[in-house]
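So in our numbering, spot 32 of the sequence shown is number 232, and the numbers just go up one at a time.
One structure below.
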Amino acid sequence: MGSHFRSYVWDPILIISQIMLMQCIYYSFLGLWLAGVDGLVHTSRSLDQIFSYEVTVQIEFIKRKMNKIDVVNPELQITSLLSVKVLGFSTTQGRLSMMAFILNSLTCALGLWFFIRRGKQCLDFTVTVHFFHMICCWIYNAHLTAALSWWLVNVACMALMAVIGEYLCMRTELRAIPVNTAPKSNL
């Protein structure tokens, strides 16, 4: 009969509860990081920042009329709708949102280390968390995205979360086990 040291027992309730816990950690800390980013750039908070591929925002453009007919009102405000990518490289808000997603992957790696504690399972839980996030985004938007920036950010975050989580777990697993070598005096 083999040793039972670090043996793995199939426990579906434990696995499902760990998946739910990692999803809660993912969305809670992503919300906190995005709230911090929104506080920096003074934008409004929205679920679109978490789940949407593109956000439709209302931007007011001010246009000066140069003809003499509109002398009373020199500024004319024209409101138009503009579709802006949430995770885009071109805007400051997009770059800060990407930074929030990357910081969230680091936070989730700490969650893997603290709650999962097994290096072998880090990749499994990371892919599961991001797969469920993709499904939630798909349901929220009613279509799967073709935006390259969204895929790049999520694959990079997945790799970062898995590698750092596995590194932290392996470092803990490989820690030396203290053994008392002093002779026992009370035999």
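Backbone N, C-alpha and C define an ideal beta-carbon position, used for all residues, glycine too.
Predicted model only: the values in this text are computed from it and were never measured.
Checklist entry - So, do the stretch 222 to 237 and the stretch 300 to 307 have three or more beta carbon pairs nearer to each other than 8 Å? => result When C-beta atoms of the stretch 222 to 237 are compared with those of the stretch 300 to 307, three or more pairs fall below 8 Å, so the two segments count as touching.
Checklist entry - Mind checking if Gly-236 is an interface residue toward chain B, Cβ cutoff 9 Å exclusive? => result Protein chain content of the structure displayed is limited to a single chain, and chain B is not contained in it.
Item to check | Span of the alpha helix (DSSP H), counted from its first residue to its last, around Asp-211 | outcome: Note, Asp-211: premise wrong, no alpha helix (DSSP H); not H, not E.
Next on the checklist: Which residue marks the beginning of the alpha helix (DSSP H) containing Ala-372, and which one marks its end?
Outcome noted: Residue identity differs from the one stated: residue 372 is Thr in this sequence, not Ala. Going by DSSP, Thr-372 is part of the alpha helix (DSSP H) stretching over 348 to 373.
Checklist entry - Are at least three pairs of beta-carbons, each pair with one atom in the stretch 357 to 365 and one in the stretch 323 to 340, less than 8 Å apart? => result In this structure the stretch 357 to 365 lies against the stretch 323 to 340, because at least three pairs of beta carbons, one per stretch, are closer than 8 Å.
Item to check | Buried versus exposed call for Gly-239 [16 or more other C-beta atoms within 10 Å across all chains shown] | outcome: Exposed: under 16 other Cβ atoms inside 10 Å.
Next on the checklist: Would Arg-295 and Thr-372 be called neighbours here (beta carbons separated by less than 9 Å)?
Outcome noted: Result no, Cβ atoms of Arg-295 and Thr-372 do not sit closer than 9 Å.
Item to check | Bounding residues of the alpha helix (DSSP H) (the contiguous stretch that carries Ser-246) | outcome: Per DSSP, Ser-246 belongs to no alpha helix (DSSP H) and is neither H nor E.
Checklist entry - For Asn-380, does the three-state DSSP call read helix, strand or coil? => result For Asn-380, the three-state secondary structure derived from DSSP is coil.
Checklist entry - Assuming Phe-315 contacts Leu-221 under a Cβ cut-off of 8 Å, what Cβ separation, rounded to an integer in Å, is found between them? => result Contact flag correct, Cβ pair sits at about 6 Å.
Checklist entry - Given that a residue counts as buried once 16 or more other Cβ atoms are within 10 Å of its Cβ, and exposed if not, what is Val-237? => result Its Cβ being crowded by 16 or more others within 10 Å, Val-237 is buried.
Next on the checklist: I need the boundaries of the alpha helix (DSSP H) containing Ile-339, first residue and last residue.
Outcome noted: Run containing Ile-339: 319 to 341, per the alpha helix (DSSP H) assignment.
Next on the checklist: Please state the DSSP three-state secondary structure of Ser-290.
Outcome noted: Coil, per DSSP.
Checklist entry - If we count the other Cβ atoms within 10 Å of its Cβ and call it buried at 16 or more, is Cys-369 buried or exposed? => result Burial call: buried.
Item to check | Ser-217, DSSP secondary structure in three states | outcome: Three-state result, Ser-217: helix.
Item to check | 9 Å Cβ cutoff met for Gln-249 and Ser-217 | outcome: Here Gln-249 is not near Ser-217, since their CB atoms are 9 Å or more apart.
Next on the checklist: Going by DSSP in three states, Tyr-253 sits in which element: helix, strand or coil?
Outcome noted: Three-state DSSP puts Tyr-253 in coil, outside helix and strand.
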